[in-house]
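*Asks:* Numbering of the sequence shown is given in numbering that gives the first Met the number 0, commencing with residue 0 and proceeding in unit increments.
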Amino acid sequence: MSLETAAPARRSRLMLSGRLAAAGTILASICLAMLTLTRVLVGWPDHLWVAFVIAGAVAVSGVLAGLHPTVARQSDQILVQSSAVGGAFAAVLVLFLVTVVGLGRVPQDDERSLVILAMAGAGVGALVFAPVRDVLARRVREMVASSEGELDDVLTVFSRRIARDVPLEEALLQSAETLRRSMALSTVEIWVGTGGRLTCATSVPERDSTALLVEDSAAAAAVRAGVAGPAWLRVWLPDLLDGRAAQIRVAPLGFAGDLLGLIVVERGAVQDFDAAEDEVLAELARRMSLTLHNTQLDHALQDTLEEVLRQARELEASRRRLVSASDEERRRIERDLHDGAQQHLVALSVGLNLTAGMLDDDPGAAAEMLAALQSSVRDTIEELRSLAHGIYPPLLRDGGLEPALRAAAGRCPLDVVVEAATGRQSAEIEAAIYFCCLEALQNAAKHAPGSSVAIRAWTEEGGLLFEVADDGPGFDPASVTHNAGYTNMADRLGAIGGRVEWRSVPGGGTTVAGTVPLSPPTSA
Numbered sequence: 000m001s002l003e004t005a006a007p008a009r010r011s012r013l014m015l016s017g018r019l020a021a022a023g024t025i026l027a028s029i030c031l032a033m034l035t036l037t038r039v040l041v042g043w044p045d046h047l048w049v050a051f052v053i054a055g056a057v058a059v060s061g062v063l064a065g066l067h068p069t070v071a072r073q074s075d076q077i078l079v080q081s082s083a084v085g086g087a088f089a090a091v092l093v094l095f096l097v098t099v100v101g102l103g104r105v106p107q108d109d110e111r112s113l114v115i116l117a118m119a120g121a122g123v124g125a126l127v128f129a130p131v132r133d134v135l136a137r138r139v140r141e142m143v144a145s146s147e148g149e150l151d152d153v154l155t156v157f158s159r160r161i162a163r164d165v166p167l168e169e170a171l172l173q174s175a176e177t178l179r180r181s182m183a184l185s186t187v188e189i190w191v192g193t194g195g196r197l198t199c200a201t202s203v204p205e206r207d208s209t210a211l212l213v214e215d216s217a218a219a220a221a222v223r224a225g226v227a228g229p230a231w232l233r234v235w236l237p238d239l240l241d242g243r244a245a246q247i248r249v250a251p252l253g254f255a256g257d258l259l260g261l262i263v264v265e266r267g268a269v270q271d272f273d274a275a276e277d278e279v280l281a282e283l284a285r286r287m288s289l290t291l292h293n294t295q296l297d298h299a300l301q302d303t304l305e306e307v308l309r310q311a312r313e314l315e316a317s318r319r320r321l322v323s324a325s326d327e328e329r330r331r332i333e334r335d336l337h338d339g340a341q342q343h344l345v346a347l348s349v350g351l352n353l354t355a356g357m358l359d360d361d362p363g364a365a366a367e368m369l370a371a372l373q374s375s376v377r378d379t380i381e382e383l384r385s386l387a388h389g390i391y392p393p394l395l396r397d398g399g400l401e402p403a404l405r406a407a408a409g410r411c412p413l414d415v416v417v418e419a420a421t422g423r424q425s426a427e428i429e430a431a432i433y434f435c436c437l438e439a440l441q442n443a444a445k446h447a448p449g450s451s452v453a454i455r456a457w458t459e460e461g462g463l464l465f466e467v468a469d470d471g472p473g474f475d476p477a478s479v480t481h482n483a484g485y486t487n488m489a490d491r492l493g494a495i496g497g498r499v500e501w502r503s504v505p506g507g508g509t510t511v512a513g514t515v516p517l518s519p520p521t522s523a
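1. Can you say whether residue 261 is buried or exposed, counting buried as having 16 or more other CB atoms within 10 angstroms of its CB?
2. List the DSSP bridge partners of residue 530.
3. If residue 185 and residue 199 are in contact, beta carbons under 8 Å, what's the gap, nearest whole angstrom?
4. By alpha-carbon positions, which one of 217, 503, 264 ends up nearest to residue 234?
5. Is it true that the CB of residue 439 sits closer than 7 Å to the CB of residue 467?
6. Going by the beta-carbon positions, is the gap between residue 501 and residue 511 smaller than 7 Å?
7. Pull up the distance between the alpha-carbon of residue 292 and that of residue 259, whole angstroms please.
8. Under 6 Å Cβ to Cβ from residue 365, same chain only, skipping five residues before and after it: list those, please.
9. Please identify the residue among 473, 210, 205 whose C-alpha is closest to the C-alpha of residue 530.
10. Using the Cβ count rule (16 or more neighbours within 10 Å means buried), how would you classify residue 288?
11. Decide if residue 188 is buried, meaning its Cβ has at least 16 other Cβ atoms within 10 Å, or exposed.
12. Measuring alpha carbon to alpha carbon, tell me which residue in 377, 380, 242, 350 is nearest residue 369.
13. Examine the Cβ distances between the stretch 296-309 and the stretch 276-288 and report whether three or more of them are shorter than 8 Å.
14. Contact between the stretch 220-228 and the stretch 248-258 is defined here as three or more beta-carbon pairs at a separation below 8 Å; is this criterion met?
15. On the DSSP letters alone, give me the boundaries of the beta strand (DSSP E) that residue 199 sits inside.
16. Could you check where the beta strand (DSSP E) with residue 465 kicks off and where it finishes?
17. Give me whichever residues DSSP pairs with residue 459 in a beta bridge.
18. For residue 499, which beta-bridge partners are listed by DSSP?
19. Since residue 414 sits in a beta bridge, which residues does DSSP pair it with?
20. How close, in whole Å, do the beta carbons of residue 420 and residue 457 come, if the pair is a contact with beta carbons under 8 Å?
21. On the DSSP letters alone, give me the boundaries of the alpha helix (DSSP H) that residue 493 sits inside.
22. Using a Cβ-Cβ cut-off of 8 Å (strictly less than) and excluding sequence neighbours within five positions of residue 191, which residues of its own chain qualify?
23. Going by C-alpha distance, which of 497, 314, 504, 448 is nearest residue 478?
24. What separation, rounded to the nearest whole angstrom, lies between the Cα atoms of residue 486 and residue 330?
25. Please report the residue range of the alpha helix (DSSP H) in which residue 398 lies.
26. Please list, in chain order, all residues of the same chain as residue 144 whose beta carbon is under 7 Å from its beta carbon, the five residues on each side excluded.
27. Considering only the alpha carbon of each residue, which of 434, 492, 508 lies closest to residue 453?
28. Give the single residue among 381, 213, 432 whose Cα lies nearest to the Cα of residue 400.
29. Do the CB positions of residue 469 and residue 444 come within less than 7 Å of each other?
30. Who are the Cβ neighbours of residue 462 in its own chain at under 7 Å, not counting the five residues just before and after it?
31. The alpha helix (DSSP H) with residue 222 in it runs from where to where?
32. At what residues does the beta strand (DSSP E) containing residue 234 begin and finish?
33. Could you check how far apart the C-beta atoms of residue 347 and residue 374 are, in whole angstroms? I think they sit under 8 Å.
34. If you drop the 5 nearest sequence neighbours on each side, which residues of the same chain put their C-beta closer than 6 Å to that of residue 392?
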């Protein structure tokens, strides 16, 4: 029965047996050749048939060993090892044959002991060659894998710690320590930063360092150059070479042409960096750059989110204050109408009734009463006009910001100069700036009596700016809290996208300044 027609199970057994038979044949051939050579060189064994018997026994042992399941399962390895040993012994045989040919004679009695020892040593060497080779190869592979594993550890440690929200400084420190250990470095530094200013985020071992200022041209050159040495540093970053070792490498942390940082490594002058280590640094820098870029994006996003939340809280608080101020303003208007204009109108009504009763009995007295009522009407009109100025001045609506501010300055007890060449703007912008200036005038009259005030308003680069400055005693802004007047101004301007600030120093007066973005002007 041939191998092709055999059942799968039997075919497998036949293949295993064939491999073991081949291994036995190889070993038997080695034994026969070695014994034949020893008979020629040293005269042992006495009879050649002994060599054939020993070789046959080895071959039969190989076939019989194949009957054991455990041995059969190892047939592949046995055949490989037998072939390796056979090749080594064949090399030994050839070497000894060359030796004999070179001598031109068979070794004499006094030389046979040396030949026997040499053959024994060569045989032992052939037997241990394969195991020793495997052990050495395994150790070399472990060393290479260990080196690659160290690099993977650097990347893994950095990425995992960043993913776990570990502070960036701690993640960089762990990476620097692993890199220093894996590449036998004396110093590892990792610099990070943006905008041309880098700081040493971590250093192993720790050393004092100041900020490194990198010009735009040097940053672009670093990103393009990749891993660089002392010669490049002397041209582009000479400050980084101060007090450094002879062997230094710099790997840029760059992303999309921007320099995010530098990996700086040093080693003693004995051993230079080779190309493989430069490749390791380049790969580490590439991966760390991506992680660092993502980290910076995360931080920027977090900062933006916090700013949005802060603005949302301020907007909510501002809306509550506006509602409260609106309610308070309505109550004030109601109170002013009740206590002022309403009382005038009630008095006019009573006076008119009295005058009507006097027309028939005493026309002269009625005429005097009407003259008095006419004066009361004028007072009522003035009262209503003053109230209207507090709500929305008609002059602001009809003439714009400059005449309304001049009218407000005329009613102020201080010496006020107005300069407001702003043209007409939208009603909400003019109203916001007008009432902010009015609030600032009232504060100046209250806290800086007798001072002079200058009101300026102008347009500049798509915005409308204003200042109300007095030469009063001033104050220390750090020692006071914002009062209701400042809060009202901030809310008014904030509602239309503007902002306000107070500037003051003790003895140097006070300035209230604000700005709002301009909307298309409206016609008068």
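Glycine included, every Cβ here is placed at the ideal spot set by N, Cα and C.
*Replies:* Result, derived from the coordinates:
1. By 1-based counting over the sequence shown, the position of residue 261 is 262. In the assembly as shown, residue 261 is a buried residue. Its beta-carbon has 16 or more other beta-carbons within 10 Å.
2. In the structure as shown, the chain begins at 0 and stops at 523. Residue 530 is therefore absent and cannot be evaluated.
3. The residue given as residue 185 occupies position 186 in the sequence shown. The residue given as residue 199 occupies position 200 in the sequence shown. Between residue 199 and residue 185 the Cβ distance is about 16 Å, and since that is not below 8 Å, they are no contact.
4. For the purposes of this step, residue 234 is identified with residue 235 of the sequence shown, where counting begins at 1. The shortest CA-to-CA distance from residue 234 to any of 217, 503, 264 is the one to 217.
5. As a working mapping, residue 467 is identified with position 468 in the sequence shown. As a working mapping, residue 439 is identified with position 440 in the sequence shown. The answer is yes: Cβ separation under 7 Å.
6. Translated into positions along the sequence shown, residue 501 becomes position 502. Translated into positions along the sequence shown, residue 511 becomes position 512. A contact, by the Cβ cut-off of 7 Å.
7. Residue mapping note: residue 292 aligns to position 293 of the sequence shown, counting from 1. Residue mapping note: residue 259 aligns to position 260 of the sequence shown, counting from 1. About 8 Å.
8. The residue given as residue 365 occupies position 366 in the sequence shown. So the list reads 354, 357, 358, once near-sequence residues are dropped.
9. What the structure shows of the chain is the stretch from 0 to 523, and residue 530 is not part of that stretch, so it cannot be assessed.
10. What you label residue 288 is simply residue 289 of the sequence shown in a count that begins at 1. Residue 288 should be labelled buried.
11. As a first step, residue 188 must be located in the sequence shown, where it is residue number 189. Label assigned to residue 188: buried.
12. Against the sequence shown, residue 369 aligns to sequence position 370. For the residues 377, 380, 242, 350, the minimum Cα distance to residue 369 belongs to 350.
13. no
14. Short answer: they touch.
15. Counted from its first residue, the sequence shown places residue 199 at position 200. Where residue 199 is concerned, the enclosing beta strand (DSSP E) stretches over 196-203.
16. In the sequence shown, the residue the question calls residue 465 occupies position 466. Per DSSP, residue 465 belongs to the beta strand (DSSP E) from 462-469.
17. Walking along the sequence shown from the start, residue 459 turns up at place 460. Residue 459 is bridged to 462.
18. Within the sequence shown, residue 499 is the residue found at index 500, counting from 1. Note: residue 499 sits in a beta bridge opposite 513.
19. Start at 1 with the first residue of the sequence shown, and residue 414 comes out as number 415. Answer is 451.
20. Indexing the sequence shown from 1 puts residue 420 at position 421. Indexing the sequence shown from 1 puts residue 457 at position 458. Confirmed, about 6 Å.
21. In the sequence shown, the residue the question calls residue 493 occupies position 494. Its alpha helix (DSSP H) spans residues 483-493.
22. In the sequence shown, the residue the question calls residue 191 occupies position 192. Here residue 191 has 167, 171, 197, 198, 200, 252, 259, 260, 291 as same chain residues with Cβ atoms under 8 Å from its own Cβ, once five neighbours each way along the sequence are excluded.
23. Counting from 1 along the sequence shown, the entry for residue 478 is found at position 479. The shortest Cα separation from residue 478 among 497, 314, 504, 448 belongs to 504.
24. Looking up residue 486 in the sequence shown gives position 487. Looking up residue 330 in the sequence shown gives position 331. About 20 Å.
25. Taking the first residue of the sequence shown as 1, we reach residue 398 at position 399. It spans 393-398 - the alpha helix (DSSP H) in which residue 398 sits, taken as one unbroken run.
26. As a first step, residue 144 must be located in the sequence shown, where it is residue number 145. Per-residue confidence for residue 144 stands at a pLDDT of 46, beneath the threshold of 50, marking its modelled position as unreliable; the derived number appears in the next sentence. The answer is none, since no qualifying residue turns up.
27. Taking the sequence shown and counting its residues from 1, one reaches residue 453 at position 454. It is 508.
28. Reading the sequence shown from its first residue, position 401 is the one you call residue 400. Of the listed residues, the one whose Cα sits closest to residue 400 is 432.
29. Residue 469 sits at position 470 when you count from the first residue of the sequence shown. Residue 444 sits at position 445 when you count from the first residue of the sequence shown. For residue 469 and residue 444, no; Cβs fall outside 7 Å.
30. Translated into positions along the sequence shown, residue 462 becomes position 463. Correct list, in chain order: 514, 515, 516, 517.
31. Here residue 222 is taken as the residue at index 223 of the sequence shown, counted from 1. Unbroken alpha helix (DSSP H) run through residue 222: 215-224.
32. In the sequence shown, the residue the question calls residue 234 occupies position 235. Looking at the DSSP string, residue 234 is not in any beta strand (DSSP E); the run it does join, the alpha helix (DSSP H), is 229-235.
33. Translated into positions along the sequence shown, residue 347 becomes position 348. Translated into positions along the sequence shown, residue 374 becomes position 375. Wrong, their Cβ atoms sit about 11 Å apart, outside the cutoff.
34. Here residue 392 refers to the residue found at position 393 of the sequence shown. Excluding residues within five positions, the ones whose Cβ falls inside 6 Å are 403.
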